[in-house]
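Asker: Dumping the structure here so I can ask a few things about it.
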Ligand SMILES: [Zn+2]
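Numbering (our numbering), first residue to last: 887 to 1280.
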């Protein structure tokens, strides 16, 4: 029994000069509308206690265009989509998956989404609204035959590269059921510890890139402000960043695919990344391994292939609990990689022990719930500390 799901195919493309101009305008307008939506929403909430959603904001778009006529120079579809993205960002915040949305800046990655009424796809080439020519796409892998793109997202990264992400509704065949189950723990020195005792290391090859990055950043800082050389140096920094994040993502995809293929049930902590990242000594190690992105990949791949991803309450003391006898330590300093249980004498590797507890906890959560559906962060956000970010919850 296959099930229909949406899958994104991402390719690099090379816009013509004319296309670059149209895209730059579109990115700018999307950013403007997104930021306008966010600030309008904030104001309405602060002054009237009113929560504005997509429909409310989209209804104000025509008036906004009257006020800023240049918004009408670009396709109106990406502007509506920018408001949809804002909605999505807010939902992610309310469901505990992300921080409160912030204003978009020109220096960061740019993007614009075209719904199906704003592009044409003839089976071979893709043409966006307001453009005469199709995009020159580097098809490093083919789209599935008879693919009908439901939306297309164009992005430009800080290194100046253009990408097109094509969303396709697809039937994905679930994998054969396996009895295997696994718990995963985010370690500090290793990327993931498995309850099987295996640790998958944070790949050392980032170290070399990081040295290069530090060097490029120093060079950038020495250049005169607003000079051409400074601009070039900034681009160089962005290119190294892009390379690091490409390699990391690639690595995470391989690992998440492997874990999903091998296991029926995968248990993870619905992470305190936000809180942990605020701890400076740890912040680099944790943001480097990109745990949030990794869990996101596990999540959608689990849905594709008929696996179950269980996310566990973030304040379960997985590190401090003995996985053999359930004795809980008073404290376990972060630098203690190994410990012996004072109650039963079992010697533990910190991360493997945590992974085993996560598995046990995950299984008990699914058993109690009487279902094998994934437990979303939203369902279990009972902990008051969770909202302790710099942004108050609305
Ligand atoms: Zn014990």
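For every residue, glycine included, the Cβ atom is placed at its ideal position computed from N, Cα and C.
Computed from a prediction, not measured in an experiment: that's the story for all the values here.
1. Fully enclosed by the segment 1083-1141, which alpha helix (DSSP H) runs are 4 residues long or longer?
2. How about residue 1301: is its Cβ closer than 7 Å to a heavy atom in ligand 1?
3. What residue from 1181, 1211, 1034, 1229 has the CA that sits closest to residue 1012's CA?
4. Mind checking residue 1220: buried by the 16 CB within 10 Å criterion, or exposed?
5. Helix, strand or coil, according to DSSP, for residue 904 in the structure here?
6. Does the Cβ-Cβ distance between residue 940 and residue 898 come in under 8 Å?
7. Could you tell me the distance, in whole angstroms, from the CA atom of residue 1151 to the CA atom of residue 1198?
8. Spatial neighbours of residue 1211 within its chain, please: C-beta separation below 6 Å, excluding the five flanking residues on both sides.
9. Among the candidates 1101, 1113, 1087, 1065, whose CA atom is the shortest distance from the CA of residue 1249?
10. Please confirm whether any heavy atom of ligand 1 lies closer than 7 Å to the CB of residue 1243.
11. In terms of residues, what are the limits of the alpha helix (DSSP H) holding residue 989?
12. DSSP on residue 981, reduced to helix/strand/coil?
13. Check residue 898 in the structure and name its three-state DSSP category.
14. CA-CA distance, residue 1001 and residue 1051?
15. In the DSSP output, what is residue 1035 paired with across the bridge?
16. Suppose the cutoff is 8 Å on Cβ atoms and the five residues either side in sequence are ignored; what does the same chain contact list for residue 926 look like?
17. Residue 1229: beta carbon under 7 Å from a heavy atom of ligand 1?
18. Is the separation between the beta-carbon of residue 1128 and that of residue 1043 shorter than 8 Å?
19. Measuring only the C-alpha atoms, how far is residue 1122 from residue 1226?
20. If residue 917 sits next to residue 990, beta carbons under 8 Å apart, how far is it from one beta carbon to the other, in whole angstroms?
Answerer: Quick look at the numbers:
1. Scanning the segment 1083-1141 for uninterrupted alpha helix (DSSP H) segments of 4 residues or longer gives 1091-1108, listed from N- to C-terminal end.
2. In the structure as shown, the chain starts at 887 and stops at 1280, and residue 1301 therefore has no counterpart that could be examined.
3. Measuring from the Cα of residue 1012, the nearest candidate turns out to be 1034.
4. With fewer than 16 other Cβ atoms within 10 Å, it is exposed.
5. In this structure, residue 904 counts as helix in the three-state DSSP scheme.
6. Against a cut-off of 8 Å, the Cβ pair of residue 898 and residue 940 comes out as no contact.
7. When rounded, the separation of the alpha-carbon atoms in residue 1151 and residue 1198 is 13 Å.
8. Once the five neighbours on either side are set aside, the close Cβ partners of residue 1211 are 1229, 1230.
9. For residue 1249, the nearest C-alpha among the options comes from 1065.
10. It does not: the Cβ of residue 1243 is nowhere closer than 7 Å to a heavy atom of ligand 1.
11. Per DSSP, residue 989 belongs to no alpha helix (DSSP H) and is neither H nor E.
12. Coil, per DSSP.
13. The answer is strand: DSSP assigns residue 898 an E or B state.
14. So the two alpha carbons sit approximately 12 Å from each other.
15. According to DSSP, which records beta bridges pairwise, residue 1035 is partnered with 1054.
16. Excluding positions up to five away in sequence, the list reads 938, 943, 946.
17. Checking the Cβ of residue 1229 against ligand 1 gives yes.
18. Contact check for residue 1128 against residue 1043 passes: the beta carbons are separated by less than 8 Å.
19. Approximately 48 Å, taken between the alpha carbons.
20. That pair is a contact at about 5 Å.
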